Amino acid sequence: MMLAPGGIIVRVSRPPVIPSPRPASAPIRSEEDGEPPGAVAELAEQGSPRAPRTLVVSFLGAVVRRMGNWLPIGGAIDLLDAVDLDGQTVRTAVFRLKKRGWLTPETRDGVRGYALTPHALEVLAQGDEIIWHARQPAALDDGWCIVNFSVPESMRSRRQQLRSHLTTLGFGNTGTATWIAPARMLPAAERAIAELDLTDYSAVFVGSYVAGQDLRALVAESWDLAGIDGRYRDFVATHSSIEKSLAGAALITPAYAFATYLHVVDAWRRLPFRDPGLPRDLLPGDWAGPHATRLFEHLVAALEGRALAYAVGHWPGA
Numbered sequence: 002m003m004l005a006p007g008g009i010i011v012r013v014s015r016p017p018v019i020p021s022p023r024p025a026s027a028p029i030r031s032e033e034d035g036e037p038p039g040a041v042a043e044l045a046e047q048g049s050p051r052a053p054r055t056l057v058v059s060f061l062g063a064v065v066r067r068m069g070n071w072l073p074i075g076g077a078i079d080l081l082d083a084v085d086l087d088g089q090t091v092r093t094a095v096f097r098l099k100k101r102g103w104l105t106p107e108t109r110d111g112v113r114g115y116a117l118t119p120h121a122l123e124v125l126a127q128g129d130e131i132i133w134h135a136r137q138p139a140a141l142d143d144g145w146c147i148v149n150f151s152v153p154e155s156m157r158s159r160r161q162q163l164r165s166h167l168t169t170l171g172f173g174n175t176g177t178a179t180w181i182a183p184a185r186m187l188p189a190a191e192r193a194i195a196e197l198d199l200t201d202y203s204a205v206f207v208g209s210y211v212a213g214q215d216l217r218a219l220v221a222e223s224w225d226l227a228g229i230d231g232r233y234r235d236f237v238a239t240h241s242s243i244e245k246s247l248a249g250a251a252l253i254t255p256a257y258a259f260a261t262y263l264h265v266v267d268a269w270r271r272l273p274f275r276d277p278g279l280p281r282d283l284l285p286g287d288w289a290g291p292h293a294t295r296l297f298e299h300l301v302a303a304l305e306g307r308a309l310a311y312a313v314g315h316w317p318g319a
């Protein structure tokens with residue numbers, strides 16, 4: 002048994018997990034890099050100031066991977082003009098992604114372009130299940146993953162990065178330096194700690210809720226459920242009109258399908274990360290996540306084929 006902050010008693014079903022050491026090839030990012038570490042966190046980055054780059058990242062994941070993991074820079078500039086990104090903005094975003102290790106210059110058939118790196122492909126693959134299928138509600142009987150850490154003040158930058166990363170992954174904060182999520186988040190917690198080289202300052206447990214503070218109340222205090230639900234509702238409010246217009250349209254132009262598809266994917270892809278897929282019994286009865294997920298899937302089904310058909314015409318040899 003262990004007593005977590007807030008008076009909740011947890012039966013630990015597995016011993017503390019000591020995360021594997023960080024691979025030597027995986028650099029520790031600093032706060033100055035402006036990025037939370039790790040594959041999932043890279044995809045879940047938030048904020049309108051980065052909108053051009055997030056659109057380009059969405060373009061890489063939703064379109065470029067379907068085109069042989071390579072993009073012609075001229076064709077990409079022409080395509081992304083449909084989402085109001087001019088050539089200079091695209092080139093700047095590509096340059097920054099190259100610096101982050103996502104893209105490498107590659108010429109094919111005399112056409113200048115960029116190929117997705119193994120790192121980029123790994124990041125995008127790790128996010129696929131969350132972005133495209135969202136996290137399904139966990140079963141209450143599956144238990145919980147609990148992360149506790151004590152990082153010295155001299156390493157406060159990495160301590161803050163770990164907090165930010167756990168929040169991005171969907172962990173809830175139950176008290177000082179103690180975070181909780183459904184047990185299936187164990188691998189993500191291990192990666193977050195290892196990538197920051199904080200193994201010696203952390204412990205990870207998997208166990209079941211036994212007694213103590215009411216679990217529903219604990220969940221409400223540990224997660225910003227209203228905020229997560231509100232983002233789902235905003236997505237529905239913004240994109241329901243698109244669904245209606247598609248249903249009533251006699252003709253959808255390829256350019257419109259491409260632009261709308263990319264905007265929809267970009268608007269959606271950051272939402273599911275903050276939602277860890279809590280058990281349904283612990284969520285409000287009118288939780289908007291399922292409605293938003295169905296809307297996203299319907300829009301993708303309606304737009305994806307047309308969007309990709311339009312995009313392929315901007316690749317050489319089409």
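Numbering (the numbering used here), first residue to last: 2 to 319. Here a beta-carbon is modelled for each residue, glycine too, at the ideal position from N, C-alpha and C. Source: prediction; values computed, not measured.
What residue from the options has the CA that sits closest to residue i's CA?
i, options, result
"Ser59", "Leu86, Val266 and Ser223", "Val266"
"Ser209", "Trp145, Ala302, Asp215 and His264", "Trp145"
"Trp288", "Leu226, Arg66, Leu125 and Leu163", "Leu226"
"Gln162", "Ile194, Met186, Ala182 and Ala312", "Ile194"
"Leu252", "Leu304, Leu283, Leu296 and Gly286", "Leu304"
"Leu141", "Val211, Asp82, Trp103 and Thr108", "Val211"
"Arg97", "Phe259, Thr55 and His264", "Thr55"
"Leu104", "Gly111, Tyr257, Ala121 and Arg92", "Ala121"
"Phe150", "Arg164, Pro317 and Ala238", "Arg164"
"Arg92", "Val207, Thr239 and Val57", "Val57"
"Asp82", "Arg234, Tyr257, Asp198 and Gly111", "Tyr257"
Given a threshold of 16 other Cβ atoms within 10 Å of its Cβ, counted over all protein chains shown, does residue i qualify as buried or as exposed?
i, result
"Leu170", "buried"
"Ala290", "According to the sequence displayed, residue 290 carries Gly and not Ala. By the 10 Å Cβ count, Gly290 comes out buried."
"Ala312", "buried"
"Glu191", "buried"
"Ala302", "exposed"
"Glu123", "exposed"
"Glu154", "exposed"
"Thr261", "buried"
"Thr168", "buried"
"Gly62", "buried"
Would you mind stating whether residue i and residue j have Cβ atoms separated by less than 9 Å?
i, j, result
"Tyr202", "Met156", "yes"
"Pro280", "Arg136", "no"
"Thr294", "Pro273", "yes"
"Arg113", "Ile74", "yes"
"Asp143", "Ala178", "no"
"Val84", "Leu300", "no"
"Arg307", "Phe259", "yes"
"Leu283", "Val220", "yes"
"Val207", "His292", "no"
Counting only the same chain and skipping the five closest in sequence on each side, list residues whose C-beta sits under 7 Å from that of residue i.
i, result
"Ser223", "Gly173, Asn174, Thr175 and Ile181"
"Ser49", "With a pLDDT of only 45 at Ser49, under 50, the local geometry of the prediction cannot be trusted, and the value read off the model is given with reservation. Excluding residues within five positions, none has a Cβ falling inside 7 Å."
"Pro53", "Leu86, Thr90 and Ala94"
"Asp129", "none"
"Pro106", "Tyr115"
"Gly102", "Thr118 and His120"
"Gly88", "Ile78"
Going along the chain, which residues of its own chain have a beta-carbon closer than 6 Å to the beta-carbon of residue i, five neighbours each way excluded?
i, result
"Ala132", "Note that residue 132 corresponds to Ile in the displayed sequence, not to Ala. Taken in chain order, the residues that qualify are Arg270."
"Leu117", "Asn70"
"His315", "Gly76, Asp79 and Leu80"
"Arg275", "Gly171 and Ile229"
"Arg189", "Arg is not the amino acid found at residue 189; the sequence shown has Ala there. Same-chain partners within the cutoff: Leu170."
"Val148", "Trp180, Ala190 and Val205"
"Leu247", "Ala303"
"Val64", "Ala312"
"Phe297", "Trp269"
Skipping 5 residues on each side, what residues in its chain have a beta carbon closer than 8 Å to that of residue i?
i, result
"Met186", "Cys146, Leu170, Gly171, Phe172 and Pro277"
"Pro285", "Leu226 and Asp230"
"Arg109", "Trp71, Pro73 and Pro317"
"Arg321", "With the chain covering 2 to 319 only, the question about residue 321 has no answer from this structure."
"Arg1", "Any property of residue 1 remains undetermined from this structure, which presents the chain solely from 2 to 319."
"Thr239", "Ala268"
Do the region 59–75 and the region 228–243 make contact, defined as three or more Cβ pairs closer than 8 Å?
Counting Cβ pairs under 8 Å, fewer than three are found: no touch.
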